[in-house]
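Numbering (my numbering), first residue to last: 181 to 438. Even for Gly, the Cβ is constructed at its ideal location relative to N, Cα and C. Owing to the predicted nature of the structure, the values given are computational and were not obtained by experimental measurement.
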Ligand code: DAK
């Protein structure tokens with residue numbers, strides 16, 4: 181029974197983590213299903229993904245503590261690698277991925293959200309890295325991505341204290357881009373996804389790759405990523421349409437991904 185549902189909706193699609201009886205906690209099967217769901221995405225049609233949790237209470241309440249409890253060091257390392265591999269696949273997925281967080285995003289759930297391109301959340305959302313309170317470290321990239329997103333000082337405070345934060349604080353520290361009333365979250369996510377889907381897909385993909393590839397480089401090396409991205413758009417039908425529409429003072433037609 182897959183714990184991740186792939187739900188295409190025209191040019192956008194949802195990946196729904198669907199294990200509400202455990203607040204969508206990530207066990208090995210959920211991670212395998214998430215990887216398989218990414219393989220299902222039709223990249224010819226779909227231009228933006230939204231990741232969300234099933235139910236109203238939780239995005240993902242962490243890695244599955246019951247499954248992790250009796251792991252030995254080798255099995256712990258293997259579980260960490262499985263999660264890291266899937267989250268890296270999501271982070272470098274060719275099209276943008278929005279995390280729409282309605283409720284708990286704890287531990288592996290916060291790490292899943294941080295592997296997406298950006299995050300929006302409900303006013304009921306709760307974020308945290310509770311691992312040190314459980315006797316472990318974050319295991320799916322939390323020590324690295326949280327520090328990059330909110331700075332090392334705030335990341336260290338959150339991780340060392342294992343204290344949860346609410347949506348307003350997540351907004352203040354830059355962990356999420358926007359907070360919505362809970363019943364408006366998914367409509368807002370769709371609106372954002374459709375706006376992205378309306379722009380030239382080859383350009384959007386090239387921007388994602390340039391931003392990701394450049395993040396760990398010096399500025400001198402990083403701008404080369406942008407030069408490559410920029411160059412790759414020229415000669416595409418979408419670049420001709422976009423610039424042609426501007427010069428002809430008309431709205432651009434739908435982009436064709438060509
Ligand atoms: N794992 C397993 N089950 C979970 C779960 C989780 N993370 N979170 C919730 N559940 C289950 C509960 O056990 C309960 O199951 P039943 O008792 O009904 O069978 C059900 O979901 C509903 O939860 P509650 O009854 O607790 O619901 P409440 O509303 O009272 O509380 C809560 C909600 C989110 C505050 C609470 O459930 C909670 O504190 N959950 C745990 C949150 C947490 O600590 N998450 C971080 C997990 S640690 C690594 C790899 C990965 C990681 C680390 C290392 N290596 C390989 C190195 C990642 C670690 C984590 O993510």
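Cβ-heavy atom distance, residue i to the ligand DAK, below 6 Å
i: residue 183; result: no
i: residue 281; result: no
i: residue 366; result: no
i: residue 203; result: yes
i: residue 153; result: Here the chain covers residues 181 to 438 and nothing more, so residue 153 does not appear.
i: residue 286; result: yes
i: residue 347; result: no
i: residue 265; result: no
i: residue 252; result: no
i: residue 496; result: Summary: the structure shown does not reach residue 496, with the chain confined to residues 181 through 438, and so no result is reported for it.
Residue nearest to residue i in terms of C-alpha spacing, selected from the options
i: residue 214; options: 198, 203, 224; result: 198
i: residue 229; options: 296, 212, 245; result: 296
i: residue 429; options: 435, 421, 436; result: 421
i: residue 410; options: 427, 398, 356, 391; result: 391
i: residue 277; options: 388, 252, 408, 394; result: 388
i: residue 182; options: 211, 202, 190; result: 211
i: residue 321; options: 242, 424, 189, 264; result: 264
i: residue 315; options: 342, 326, 306, 324; result: 342
6 Å CB neighbourhood of residue i in its chain, flanking five on each side removed
i: residue 318; result: 309, 311
i: residue 235; result: 200
i: residue 191; result: 227, 377
Cβ-based neighbour list, residue i, same chain, cut-off 7 Å, excluding 5 preceding and 5 following
i: residue 293; result: 239, 279, 281, 285, 299
i: residue 413; result: 382, 383, 386, 419
Spatial neighbours of residue i in its chain, beta-carbon cut-off 8 Å, leaving aside the 5 residues before and after
i: residue 269; result: 215, 218
i: residue 185; result: 194, 195, 196, 198, 217, 234
i: residue 367; result: none
Heavy atom of the ligand COA within 6 Å of residue i beta-carbon
i: residue 356; result: As presented, the structure is devoid of the ligand COA, carrying the ligand DAK as its sole ligands.
**Study point:** Cβ contact (3+ pairs, closer than 8 Å) linking the segment 242-253 and the segment 206-213
**Key:** yes
Check your understanding: Any chance the segment 321-334 sits against the segment 353-371, with 3 or more Cβ pairs inside 8 Å?
Key -> yes
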